[in-house]
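In what follows, a structure is listed as structure tokens, so that the remarks can point back to it.
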Amino acid sequence: MSLKDRYVNARNFVAYYGSGREDEMSGFDIAIVEPAGHDKASIKKMQQNGAIVLAYTSVVEISPDMPDFKLLKDEDFLKSESGFVKNERFGTFMADIRSPRWNNLLIHRAGRLLVQQGYDGLFIDTMGNVELGVFTKDLQDQLISAVVSLLQRLRNTFGDKLLIQNNGLERLCLYTSSLIDGICWENPPFDKKESMLWWQEIVDRLEIMGRNDSVRTLLLIEDKCESGRVVSGRESELHKMARKIAKAKGFLLYRAPEHYIGAVNRPVEE
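Take the sequence shown: its position 269, counted from the start at 1, is 265 in my numbering, and no numbers get skipped.
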């Protein structure tokens, strides 16, 4: 069975950005991991136990702590009238996906992960940032085109590997659907009645993508905490609705601890 067939027929998945815990993740059909927390031996162990192992990688946001950051120049970053565009919450800068230098670094990183370390595919994060309202419609169009070009390059270079897009559900997925194997909706607002019409439209869109392009949807929900305690009131309704939608639409659902570290939760039962 091909990797794509195994992905499409998977029963569950896990997202864990800490280190170790290979035995726990081996019980899942799909494991999304942070490469910094794993070596070739741990990747191989999970694969031998039946898991598809995907490497987390960010293609727009980049931390100053990352080695690639030092290789970029000012023109490789997105800017606004007030300066560099940043994600203040995480202290990350937004690289310009149109930059040839940044594109080449991303392809090199992908090769290191997929060929040298042996991952089955990439879980591609932050590409949905191209939809942010801080960017004009014209710039959004340019950035979306650049993402499509990057995905085409990844597909042409690593054709047998899996490409999973995280978010980018408003516009981006309309252009990337034929180039990806799966899409993840991180923290969908299923508990917010004021957003119901919007998220119902997105659910329908994802279902169509699955039907037309065999794109399998992952629903990923992160537990939020306040003062060390899980806030369960609003989230309990969220998880209930997420479970209902996942079962009805054939999506996969995983409930992760805060920051996707510290523990590996059990698979969500139907």
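Beta carbons: idealized from backbone N, C-alpha and C, even for Gly. All figures in this text were calculated on a predicted structure; none of them were measured in a lab.
My guess is that Val199 and Met21 are in contact by the Cβ rule of under 8 Å, so how many angstroms apart are they, rounded? No, Val199 and Met21 are not in contact; Cβ-Cβ is about 27 Å, not under 8 Å.
Using the beta-carbon count (16 or more within 10 Å), is Asp121 buried or exposed? By the 10 Å Cβ count, Asp121 comes out buried.
Could you pull out every unbroken alpha helix (DSSP H) segment of at least 4 residues lying fully inside the segment 135 to 206, listed in chain order? Segments of the alpha helix (DSSP H) lying fully in the segment 135 to 206: 168 to 172.
Locate the beta strand (DSSP E) running through Leu128, then write down its first and last residues. Going by DSSP, Leu128 is part of no beta strand (DSSP E) at all; its letter is neither H nor E.
Cβ atoms of Tyr250 and Val4: under 8 Å apart, would you say? Taking C-beta atoms as the reference points, Val4 and Tyr250 fail to come closer than 8 Å.
Neighbour-count burial assignment, Phe89, 16 or more Cβ in a 10 Å radius: Buried, by the Cβ-count rule.
Taking buried to mean at least 16 other C-beta atoms within 10 Å of its own C-beta, is Leu67 buried or exposed? That one is exposed.
Counting pairs of beta carbons, one from the segment 92 to 103 and one from the segment 43 to 50, are three or more of them closer than 8 Å? No contact exists between the segment 92 to 103 and the segment 43 to 50.
Among Ser173, Lys240, Pro253, nearest to Asp209 - alpha-carbon criterion: Looking at the Cα atoms, Ser173 is the closest of the given residues.
Use the C-beta contact count for Val130: other C-beta atoms within 10 angstroms, 16 or more gives buried, fewer gives exposed. An exposed status is given to Val130, since fewer than 16 other beta-carbon atoms sit within 10 Å of its beta-carbon.
Let's see if you can read the secondary structure: which residues bound the beta strand (DSSP E) around Tyr52? Element bounds for Tyr52: 48 to 54.
In terms of residues, what are the limits of the beta strand (DSSP E) holding Gly117? Segment 117 to 121, the beta strand (DSSP E) holding Gly117.
Report buried or exposed for Phe73, applying the criterion of at least 16 other Cβ atoms within 10 angstroms of its Cβ. It is buried - the Cβ of Phe73 has at least 16 other Cβ atoms within 10 Å.
Same chain, Cβ closer than 7 Å to Asp35, neighbours up to 5 away in sequence not counted: Closer than 7 Å at the Cβ level, and outside the excluded window around Asp35, lies no residue.
So with Cβ pairs under 8 Å, would you call Ser141 a contact of chain D? Looking at the structure shown, chain D is missing, and only one protein chain is on hand.
List the DSSP bridge partners of Phe80. Looking at the DSSP output, Phe80 shares a beta bridge with Lys75.
What are the boundary residues of the alpha helix (DSSP H) that includes Val4? Taken as a continuous stretch (DSSP letters only), the alpha helix (DSSP H) holding Val4 covers -1 to 4.
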